[in-house]
Amino acid sequence: MTAIPATTTPSALSPRVSPAEGVRQTLTLAWRTIVQVRHNPWELGDFSIQPIMFVLLFTYVFGGAIAGSTGEYLTFALPGIIVMNMLFVTMYVGTGLNTDLTKGVFDRLRSLPIARWAPLAGRIMADQVKQAWSIALLLTVGAILGFRIGTSVMGLIGAVALLLTFALAFSWVSVLVGVIAKDPEHVQIFGFTALFPVTFVSNAFVETETMPGWLQAWVKINPVTKLSDATRGLLVGGPVAEPLMASLMWALVIAGVFAPLAVWVFKRRV
Amino acid sequence: MTAGIQAEGLVKRFGDTTALNGVDFVARPGTVFGLLGPNGAGKTTAVRILATLLQPDSGRATVGGYDVVHAAHRVRQLIGLTGQYASVDETLTGAENLLLIGRLLGMPRADAKRRARDLLADFQLEAAGDRAAKTYSGGMRRRLDLAASLVGRPQILYLDEPTTGLDPRARTELWALIRGLVAGGATVLLTTQYLDEADQLADDIVVIDHGRVIATGTPAELKAKTGAQNLAVRPVDAEDLSLVISVVGDLTQTAPEVSGQLVTAPIADPAVVPAVVRRLDDAGVLLAGLELRGASLNEVFLSLTGHPAEELEDESEEAGRGSR
Chain A
325 MTAIPATTTP SALSPRVSPA EGVRQTLTLA WRTIVQVRHN PWELGDFSIQ
375 PIMFVLLFTY VFGGAIAGST GEYLTFALPG IIVMNMLFVT MYVGTGLNTD
425 LTKGVFDRLR SLPIARWAPL AGRIMADQVK QAWSIALLLT VGAILGFRIG
475 TSVMGLIGAV ALLLTFALAF SWVSVLVGVI AKDPEHVQIF GFTALFPVTF
525 VSNAFVETET MPGWLQAWVK INPVTKLSDA TRGLLVGGPV AEPLMASLMW
575 ALVIAGVFAP LAVWVFKRRV
Chain B
4 MTAGIQAEGL VKRFGDTTAL NGVDFVARPG TVFGLLGPNG AGKTTAVRIL
54 ATLLQPDSGR ATVGGYDVVH AAHRVRQLIG LTGQYASVDE TLTGAENLLL
104 IGRLLGMPRA DAKRRARDLL ADFQLEAAGD RAAKTYSGGM RRRLDLAASL
154 VGRPQILYLD EPTTGLDPRA RTELWALIRG LVAGGATVLL TTQYLDEADQ
204 LADDIVVIDH GRVIATGTPA ELKAKTGAQN LAVRPVDAED LSLVISVVGD
254 LTQTAPEVSG QLVTAPIADP AVVPAVVRRL DDAGVLLAGL ELRGASLNEV
304 FLSLTGHPAE ELEDESEEAG RGSR
């Protein structure tokens with residue numbers, strides 16, 4: 325028994341957490357979320373193998389039918405696949421948060437002298453790392469299959485920055501679902517039932533003009549459409565300004581609505 | 004500085020349910036304080052308030068002299084929490100869990116690693132340190148939970164039903180660990196629904212039921228409070244059992260309890276004992292044992308609450324959250 329009977333006399337208890345400490349705690353909690361992936365290969369499969377599968381399936385199964393050639397379709401669809409995958413990956417913020425809440429990890433964290441916002445910020449920061457990884461993976465697989473960036477390095481950086489910004493905003497939807505849901509499975513179910521229609525009723529995978537008129541109305545304002553267009557413009561070429569502004573507006577609206585809502589619900593639950 | 008824990012008139016409601024209805028108690032520094040009560044009595048709610056996880060609707064509480072609402076961050080620097088709900092991360096290894104907490108408490112990486120290693124060794128988890136916590140047995144999980152709450156060398160430790168669901172051996176081991184902690188100067192708040200656990204470990208006990216304190220005292224005081232004593236008689240020969248039952252029943256004016264060959268009955272008047280001996284001697288009954296003993300905490304609990312402690316185990320714990 326070396327470590328046990330060691331009660332310290334607290335020399336000085338600090339009255340509150342400094343912002344610098346809060347940031348450090350956020351990094352530690354983000355580290356924890358990344359380390360979890362190592363022990364949970366299924367999750368790694370989810371945001372590594374699944375996107376690769378999507379690229380392969382879309383390109384080789386639908387490519388010929390939709391665009392006439394697989395190569396041409398890849399150029400059109402890869403930005404859309406990246407956007408879809410980004411939305412799905414944000415769901416991990418919710419599932420992770422929900423697991424912490426239902427399993428009691430969150431209570432342990434809240435009983436520690438750490439910043440109140442650090443656990444949430446840690447989740448979201450870890451999500452950004454996963455997002456960056458997924459985007460890099462998709463671009464690499466795309467490149468192997470023949471996708472070429474038609475713009476510049478600045479375009480690439482801009483696209484990644486836009487995607488990460490949107491992910492940050494959309495994380496709040498995930499936080500809200502994670503706080504409301506009964507268990508992590510429900511968060512996943514939401515991810516599939518709500519995100520699939522939103523992503524598919526967009527121009528992520530097919531041209532808007534091919535859809536019936538009543539559907540086009542929604543497709544044209546769907547944030548997924550705007551984000552896909554902006555990502556296409558930044559990676560492949562084409563108009564950027566309008567879809568980029570619209571995407572950022574959407575990100576702002578989503579964060580503006582869901583961040584306060586999620587925080588409010590969150591405070592009521594814990 | 005006054006260490007220890009003080010609760011004054013704590014009230015907490017969840018919707019229509021009143022989990023705590025004006026609870027007062029004092030836990031002296033350096034002792035084990037037992038918060039005893041059946042499931043749903045309000046124990047967990049009290050611990051959650053003292054751990055700054057919940058705010059009371061009225062009343063106040065101080066931990067180590069600091070208010071749990073207004074000086075919550077200071078309180079958090081003093082306490083360690085182990086409970087049914089405050090859990091480790093199952094997907095991380097034992098070592099990573101301890102490292103995580105050490106880092107969150109601001110320890111440099113090397114220190115946090117050393118602390119994790121020391122604690123794993125102290126809790127006989129060295130071999131399992133690099134395995135995910137979800138692979139641990141129930142006893143190992145509790146030991147890891149306890150280790151996790153000790154990373155920051157807390158002065159005050161909350162153990163919320165630490166042995167629920169453990170086998171007797173794991174339970175005894177955990178008791179030994181808790182005694183070691185108190186010997187090292189810690190103050191322990193222990194909640195339990197096991198009376199023998201409180202009897203074994205606690206210096207002072209508060210019994211709560213339906214959100215109210217119904218008794219306070221040392222285990223011995225609580226036992227003495229009910230006043231009752233039990234006479235236990237065991238005949239050598241099984242054939243004498245019915246005679247013993249009728250004699251004991253006759254003299255104590257009760258219906259004696261029989262388990263195996265042991266006949267027990269509560270007695271109010273000590274003069275009954277020699278009378279029983281005389282009557283049985285006259286009848287030629289040989290006795291293997293005759294004993295007068297104080298009431299067990301179980302009986303104390305029964306007389307205080309009007310229901311036995313175990314009966315309510317199925318009742319859901321109010322806990323203050325759950326599926327919403």
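Heads up: the sequence lines are chains A and B, in that order. Numbers in our numbering are just positions in the first sequence, counted from 1, shifted up by 324. Numbers in our numbering are just positions in the second sequence, counted from 1, shifted up by 3. Glycine included, C-beta positions come from ideal geometry on N, C-alpha and C.
Residue-chain proximity (residue i, chain B), Cβ-Cβ < 9 angstroms
| i | result |
| --- | --- |
| A/I438 | yes |
| A/N364 | yes |
| A/D370 | no |
| A/V512 | A small correction: the amino acid at residue 512 of chain A is Gln; Val does not occupy that position in the sequence shown. It does not: the Cβ of A/Q512 has no partner Cβ on chain B nearer than 9 angstroms. |
| A/L353 | yes |
| A/L500 | no |
| A/L433 | yes |
| A/V347 | no |
| A/P343 | no |
| A/L585 | no |
| A/V577 | no |
| A/P508 | no |
| A/Q272 | The shown model of chain A, from 325 to 594, leaves out residue 272 of chain A, and the question about it has no answer. |
| A/Q374 | no |
| A/L380 | no |
| A/T333 | Here A/T333 scores only 48 on pLDDT, less than 50, and its place in the model should not be relied on; the value that follows carries that caveat. It does: the Cβ of A/T333 has a partner Cβ on chain B nearer than 9 angstroms. |
| A/P521 | no |
| A/V359 | yes |
| A/P547 | no |
| A/S552 | no |
Test: residue i CB closer than 9 angstroms to a CB of chain A
| i | result |
| --- | --- |
| B/Y69 | yes |
| B/G18 | no |
| B/I52 | no |
| B/Q58 | no |
| B/V91 | yes |
| B/Q87 | yes |
| B/Q9 | no |
| B/A155 | Reading off the sequence shown, one finds Gly at residue 155 of chain B, where the question assumed Ala. So, interface residue. |
| B/E318 | Bear in mind that a pLDDT of 37 at B/E318, under 50, signals an unreliable position, so the number given afterwards is only what the model happens to contain. No, B/E318 lies away from the interface with chain A (no Cβ there is under 9 angstroms from its Cβ). |
| B/E321 | Residue placement at B/E321 is poorly supported in this model, since its pLDDT is 38, which falls under 50; the coordinates still yield a value, given next. By this cut-off, B/E321 is not an interface position. |
| B/T194 | no |
| B/T175 | no |
| B/A135 | yes |
| B/T257 | no |
| B/A151 | yes |
| B/T308 | no |
| B/T55 | yes |
Proximity of residue i and residue j at Cβ, strictly below 9 angstroms
| i | j | result |
| --- | --- | --- |
| A/I406 | A/L463 | yes |
| A/L559 | A/G428 | no |
| A/T532 | A/A445 | no |
| B/T257 | B/P269 | yes |
| B/P32 | B/T190 | yes |
| A/S337 | A/L433 | At residue 337 of chain A the sequence reads Leu, which differs from the Ser that was named. No, they are not a contact pair. |
| B/F28 | B/L38 | yes |
| B/S61 | B/L13 | yes |
| B/D202 | B/P222 | yes |
Integer Cβ distance of residue i from residue j, believed to fall under 8 angstroms
| i | j | result |
| --- | --- | --- |
| A/V499 | A/G418 | 6 angstroms |
| A/F471 | A/T394 | So it is not a contact: roughly 11 angstroms between Cβ atoms. |
| A/V525 | A/L539 | 6 angstroms |
| B/G366 | B/L81 | Look at the range of chain B in this structure, 4 to 327, and you will see that residue 366 of chain B is not part of it. |
| A/I468 | A/V484 | So it is not a contact: roughly 19 angstroms between Cβ atoms. |
| A/A575 | A/F490 | 5 angstroms |
| A/L568 | A/A579 | Rounded, the Cβ-Cβ distance is 17 angstroms, inconsistent with contact. |
| A/V379 | A/L402 | 7 angstroms |
| A/L486 | A/S571 | 6 angstroms |
| A/I438 | A/V341 | 6 angstroms |
| B/L2 | A/V359 | It is not possible to answer for residue 2 of chain B, since the shown part of chain B is limited to 4 through 327. |
- Task: Return the residues of the stretch 440 to 466 of chain A that lie within a Cβ-Cβ distance of less than 7 angstroms from chain B, sorted by chain order.
- Result: none
- Message: Closer than 8 angstroms between beta carbons: that is the criterion. Which residues of the stretch 93 to 116 of chain B meet it against chain A?
- Response: E93, T94, L95, T96, E99, L103, I104, R106, L107, L108 and G109
- alpha helix (DSSP H) runs contained entirely in the stretch 418 to 481 of chain A, provided each spans 4 or more residues: 429 to 434 and 442 to 469
- At which residue ranges does the stretch 58 to 111 of chain B contain complete alpha helix (DSSP H) runs of 4 or more residues, listed in the order of the chain? 75 to 81 and 97 to 107
- Item | beta strand (DSSP E) runs wholly inside the stretch 235 to 291 of chain B, at least 3 long, in chain order | 260 to 262 and 265 to 270
- Which residues, in order along the stretch 399 to 431 of chain A, keep a beta-carbon less than 7 angstroms from a beta-carbon of chain B? K427, G428, V429 and D431
- Task: Return the residues of the stretch 70 to 85 of chain B that lie within a Cβ-Cβ distance of less than 7 angstroms from chain A, sorted by chain order.
- Result: H76, R77, R79, Q80, L81, I82 and L84
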